[in-house]
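Single-structure report; data block below.
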Amino acid sequence: PLLLQVCFIGRSNVGKSSLIRALFSLSPEVEVRVSKTPRIGPRREGGDKLLGNLKRQENVPAMVAASSRLAQALLWQRRSLKRTFLLVDGVVGLQKTDHIAVEMLEEFGIPYVMVLTKIDRASRGLLLKNVLEIQEFVKEKTQGCFPQLFLVSSLEFSGVHLLRCFVAHVTGNLPTVEAS
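Structure below.
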């Protein structure tokens, strides 16, 4: 059977590994390793995390050059890829590398979702400013981006449950209830 996948991408130190660890916090049988040191290049221990029987989640190496051939191959050639999650740092907002990643995702027609990470580290005013800027950017400059921005804190688990449910939904692992 085809394993349905999601992919987490973002610049170095945006919180990809920490978010995956938070998403799997209710699955103690799944080991998720998180490095304290940002790195460029493939993870030697393997980035695949198994959740249930149907879904793998992947932590793509930090995308310093989001248009790299490796990143393109990882995203474009996977028929089982149901959604890509572009992580954006809630303290600094959209950066040049995020714009490059969006251009690549749009060019290849890959459906994606933006996730604002580290919301516990930003002041309310800064967080609001970044949320409004991203919402405007998504509305005006994207076609393949899911319109709902997810705000998460891997440290405080804020927004993690909602994102976990969304991932389960897009991969077909959230049972639907028929209206009576």
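Each residue of the sequence shown is one higher than the one before, counting from 892 in the working numbering.
C-beta: ideal position from N, C-alpha, C; glycine also.
Point to revise | Cβ pair count under 8 Å reaching 3, the segment 1038-1047 against the segment 1005-1013 | key: Yes: the two stretches touch, three or more of their Cβ pairs being nearer than 8 Å.
**Report entry** Secondary structure, beta strand (DSSP E): runs of 3+ residues fully inside the segment 967-1042
**Finding:** 972-980 and 1003-1008
Would you report the Cα separation of Leu-977 and His-1060, rounded to the nearest angstrom?
-> 17 Å
Whole-angstrom distance between Arg-974 and Gly-1063, CA atom to CA atom = 12 Å
Note to self: What does the Cβ neighbour count give for Lys-1020, buried or exposed, with the cut at 16 atoms within 10 Å?
What the structure shows: exposed
At the level of alpha carbons, what is the spacing between Gln-986 and Asp-980? Distance between the alpha carbons of Gln-986 and Asp-980: 9 Å.
Nearest neighbour of Arg-902, chosen from Ile-991, Pro-1002, Val-921 and Asp-1011 [CA to CA]: Ile-991
task = Kindly identify the DSSP beta-bridge partner or partners of Ser-1044.
result = Ser-1049
Fill in: Span separating the alpha-carbon of Arg-1012 from that of Ser-916
21 Å
- Query: In three-state terms, what does DSSP make of Val-897?
  - Reply: strand
According to DSSP, is Val-1068 part of a helix, a strand, or is it coil? Assignment of Val-1068 by DSSP, reduced to helix, strand and coil, places it in the coil class.
Closest by CA to Glu-1024, which one among Val-982, Cys-1056, Met-995 and Pro-919?
-> Val-982
What does the alpha-carbon distance come out to for the pair Phe-899 and Leu-914? Cα to Cα, Phe-899 sits roughly 12 Å from Leu-914.
Q.
Just to confirm, is the Cβ distance from Leu-910 to Leu-1053 under 9 Å?
A. Contact annotation: Leu-910 and Leu-1053 have beta-carbon atoms that are not nearer than 9 Å.
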